[in-house]
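Sequential numbering from 52 applies to the sequence shown in our numbering.
The beta carbon of each residue, even a glycine, is placed where N, CA and C say it ideally should be.
Some notes on the structure that comes next.
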Amino acid sequence: MQRALVAGILLAGLLAYLGVLVLIRKMAFFSDGIAHASLAGVAAGVLAGVNPLVTALAASIFFAVAMFVLEKKTNLSSDIVIGLIFTSGMALGVLLMSMKAGYQPELIGFLFGNILTINRSDLALMIVLTFVIGSFLAANWRRFTLLSLDHEMAYLSGMNPDLFQLVLYVLLAVSVVLGIKILGVILVSALLIIPVSISKLISRSFKRLVFLSIGFSEVIMVLGLLISSQFDFPPGAVIVLTGTAIFFVTLLLRRA
């Protein structure tokens, strides 16, 4: 349970931080696409006998770069590109899974998530990557915010918008895959979307939106883990439903 709490608290803060950019740039479908496409990396890791988290991270970076290149080099819309990667990655994952006979708990764990099964090596990798990504985002927060709000202004300010957009894609892809260990492929986007959605209901400034999103994300994570541990429910589902409940309570109180 201790490893679960450490991993959950770290990733809740990181995903909420990124969730603000996802909200501004309307990238919710991107995170879903990466989450589902990374199943190919998970299946490859299981087949190769290596840590599936490592191969899923590698696959997510590849797919993020592929999305960026296709968006820039073709006249296809972002949604079409994401849908192409989404379905191709899932199809490859299903094909690779069919090559491994018998029950595969690692694959089920990545599909539905189980934060309680995180081992020491996974936790160590999460801590390092969360620190690196969080530090980079904090150091470049103004640039990423400007890029999200006004692409042309970012260019005029001396930034390289395409480079920062690619970096954002990669950072978001890696963070989403880390979150899969907690919530699974199916539910991971919820931790990007729900906290910032709650915060948006009651925030009047961008700075407050960021801090409230992180705060709500941490509360949702800790409450969800405690409830799931107490009643022996699936952690990922409980975390998402806890966040959903807080969202609707906040909405009702705001309208009261």
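Does the separation of the CB atoms of F114 and I131 fall below 8 Å?
Position 63 of the sequence shown, counted from the first residue, corresponds to residue 114. Position 80 of the sequence shown, counted from the first residue, corresponds to residue 131. No; because the gap between Cβ atoms is not below 8 Å, this pair is not in contact.
Cα-Cα separation, R255 to V261:
The count along the sequence shown starts at 1 and reaches residue 255 at position 204. The count along the sequence shown starts at 1 and reaches residue 261 at position 210. Inter-residue distance for R255 and V261 is about 11 Å (C-alpha atoms, whole angstroms).
First and last residue of the uninterrupted alpha helix (DSSP H) at R255
Translated into positions along the sequence shown, residue 255 becomes position 204. That residue, R255, is in no alpha helix (DSSP H); it is neither H nor E in DSSP.
Does the region 268-282 touch the region 60-70, meaning 3 or more C-beta pairs lie closer than 8 Å?
Result yes; three or more Cβ-Cβ pairs closer than 8 Å.
Taking only the alpha-carbon atoms, compute the straight-line gap between G149 and L158 and give it to the nearest angstrom.
Sequence index remark: in the sequence shown, residue 149 carries index 98 (1-based). Sequence index remark: in the sequence shown, residue 158 carries index 107 (1-based). According to the sequence shown, residue 149 is Ser rather than Gly. When rounded, the distance between both Cα atoms is 12 Å.
Considering just the uninterrupted stretch of the alpha helix (DSSP H) at K232, what are its terminal residues?
As a working note, residue 232 is residue 181 in the sequence shown. That run of the alpha helix (DSSP H) goes 212-238.
Among G84, R305, W192, which residue has its Cα nearest to the Cα of K251?
Position 200 of the sequence shown, counted from the start, is the residue given in the question as residue 251. The option with the nearest alpha carbon to K251 is R305.
Cut-off 8 Å between Cβ atoms - residues of its own chain near L56, not counting five sequence neighbours on either side:
For this step, residue 56 is matched to residue 5 along the sequence shown. For L56, where only same-chain residues beyond five positions count, the Cβ hits under 8 Å are V273, L276.
Decide if F187 is buried, meaning its Cβ has at least 16 other Cβ atoms within 10 Å, or exposed.
Locating residue 187 in the sequence shown gives position 136, where the first residue counts as 1. A residue is called buried when at least 16 other Cβ atoms come within 10 angstroms of its Cβ; F187 does not meet this threshold and is exposed.
Let me confirm a value: S111 is counted as buried when at least 16 other C-beta atoms fall within 10 Å, else exposed. Which label applies?
To locate residue 111, count along the sequence shown from 1; it is residue 60. It counts as buried.
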